[in-house]
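Just so we're aligned: 225 in the working numbering is position 230 of the sequence shown, and the numbers increase by one with no gaps anywhere. A virtual CB, placed ideally from N, CA and C, is assigned to each residue, including glycine.
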Amino acid sequence: MASDLGETSIEAEIARETWITRLGFIFAVWGSMTGLGNVWNWPSKVSLLGGGPFVLIYLIMLALVGIPVVLTEFVLGSTFRRGFPSALKRIHPAGEFLGWFCMANSAVLEAFYVVLIGYAAVYAGFALTGLQLGGPMGAAYFTDQPEFFVNLLMSPLTLVGLIVVWIVVFAIDYFGTKGIERSVMIFFPLLWIIVIGMAIFGLTQPGAAAGINFYLNPQPNQFFETKMWSTAVSLSFFKLSAGMGILTAYASYLPRKGELTNSAVTTSLLDTTFAFTAGLAVFPIAATVGVLGDETVGSVGFAFVAWPGGMTMSGGNLLGFVFFLMIVFLGVTSAVSLLEAVVTAVMDKFGWPRSRTVIVMTIVMFLMGVPFTLWMAAPGAAATDVTWGLYLLDIFDYYVENFGLVLVTLFMMLITGWVWGGAKIIETANEAGDFELPSWYVWVIKVIAPIGIIAAFAFIVLSIFLEGLYLAGTVLDLIAPLVWVVICAGAAIALTMAKGVE
Ligand code: PHE
């Protein structure tokens, strides 16, 4: 593809930083994929939708939709050696709009994602020190639930957590791929040790059998439920960090002819394995402390209310500390990747130096996150959305995940597979692949994966008609989607029109 790059970019080409090792790239991608989604999204979907069969369906959709999407994003990055908007622009000028729409959607996601990591950091601190947190609900230990969580939501500590986590994320990404690679070399083994240790602990608890039964209890008739299949698709995008511009950014830092195919399969399966193992820890322990079947299982409320609420068991404080520390580490490696996706996109378009880009984008996304820490009680909001901050977080999360990620992925697959060419994707992957993709795989990329995404999206839209729009009962229910569209489309138009260096 050298001709596509043009001669002017030869300097940039030479200067572009690269991963030091292949393992570094794989660990970094895994670090991005394996995030907060593994601790609540995954377990909740698996347990509520149908246990074992759902895991099977997830694996099938991973092969048909998830992995082809990951591979396509990798190919985009490694071919054009640019962030998401600039890479798509090389295929078609309109692609740049899609690219920036994606980056704006990702920025909103990053803004509230770091708020959640901040909660976990505060919890880890209180679990470790055993201190009480005062507030409107009276002084509470982290095990006194929901008092502690409400006190936290209504205190400036959410903002403190946000600041602390941003400092860590900033410090890692400031050093680019080197910083990311060094950090994941530590986080990767550490996280596996923690999750395996927790699974072993969980499986030796008295509630193990009940927990596993709840988690994996197979009900074969569920194979016929549409919801299972469509959820598997949207969940896999979130978990695989697809449609966020991350995978393209990371692959753009591979040396020429880097391996892509095996990397896509390995990282996706490693992520699923981690999630599966986390479920082996979470459910037996939840059963043992008596919060299994709690309606908040798997939601934000599960991690921050039900789970710590049961931690009065012996060893509970240490277990709570380890659990929240794991959440912080899981989250940080994902948050770093999203910051990097945005930073790469901005550096490639405007030619800014990394240091300035990381500083500016950190400040922008930190400020975007502040509204999600608002501590005032939200009038008329659903019971779990105690404050304006959490309410906003829930509602934006809904649009970012169900609409943003799914639509971005769909159009990316169509532009790349049809306008650029599915055959080129296979060709590029096969240039340096550990194994060869057969030529029929082009149909998986051009037809099967897009159909899977369209079907999932149709179901999401259908369920709005069946179950109603995301509703918490305030006027914001209607304003929030508009705000989301205006932010994403507005930023996309402005950034596409802005004059860049390319
Ligand atoms: N894959 C991530 C997860 O499971 C999703 C994500 C990545 C979210 C990066 C935010 C930033 O949590």
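The shortest CA-to-CA distance from T307 to any of T283, W14, V323 is the one to T283. With a threshold of 7 Å, the Cβ atom of A330 counts as near the ligand PHE, since some heavy atom of the ligand is closer than that. Using a cutoff of 7 Å, the CB of S39 does not count as near the ligand PHE, since none of the ligand's heavy atoms is closer than that. Judged by beta-carbon spacing, A336 lies within the 8 Å limit of G78, meaning their Cβ atoms are closer than that value. Here the alpha carbon of L461 sits roughly 10 Å from the alpha carbon of F454. With a cut-off of 7 Å, the C-beta of M98 is classified as distant from the ligand PHE, since no heavy atom of the ligand falls inside that distance. Counting other Cβ atoms within 10 Å of its Cβ, K40 reaches 16 or more and is therefore classed as buried. Beyond the five residues adjoining it in sequence on each side, E176 comes within less than 7 Å, by CB distance, of W14, I15, G19, A23 in the same chain, given in chain order. Short of 6 Å from the beta carbon of F361, and not among the five residues preceding or following it, lie these beta carbons of its own chain, in chain order: W161. M363 and P131 have their C-alpha atoms some 26 Å from each other.
Taking 8 Å as the cut-off, the beta carbon of L57 is found closer than this to the beta carbon of S231. Per the coordinates, the alpha-carbon of L287 lies some 19 Å from the alpha-carbon of V190. It is roughly 39 Å from the alpha-carbon of M98 to the alpha-carbon of I195.
Between W35 and F209, the C-beta gap is not smaller than 8 Å, which leaves the two residues out of contact. Contact annotation: V70 and I420 have beta-carbon atoms nearer than 8 Å.
Boundaries of the alpha helix (DSSP H) around I421: 417 to 427. Distance check between S150 and each of F367, G346, T423 places F367 closest, using alpha-carbon atoms only. The shortest CA-to-CA distance from F269 to any of E12, K84, R11, G32 is the one to G32. As the crow flies, the alpha-carbon of S101 is around 7 Å from that of L333. No Cβ-Cβ contact shorter than 8 Å links A134 with F319. Secondary structure note for W161: its alpha helix (DSSP H) is the uninterrupted segment 152 to 168.
Inclusion of S225 and V65 in the CB contact set at 8 Å is not warranted, their separation being larger than that value.
Excluding sequence positions up to five before and after V145, its CB lies within less than 6 Å of the CB of M132, V381, all in the same chain and listed in chain order.
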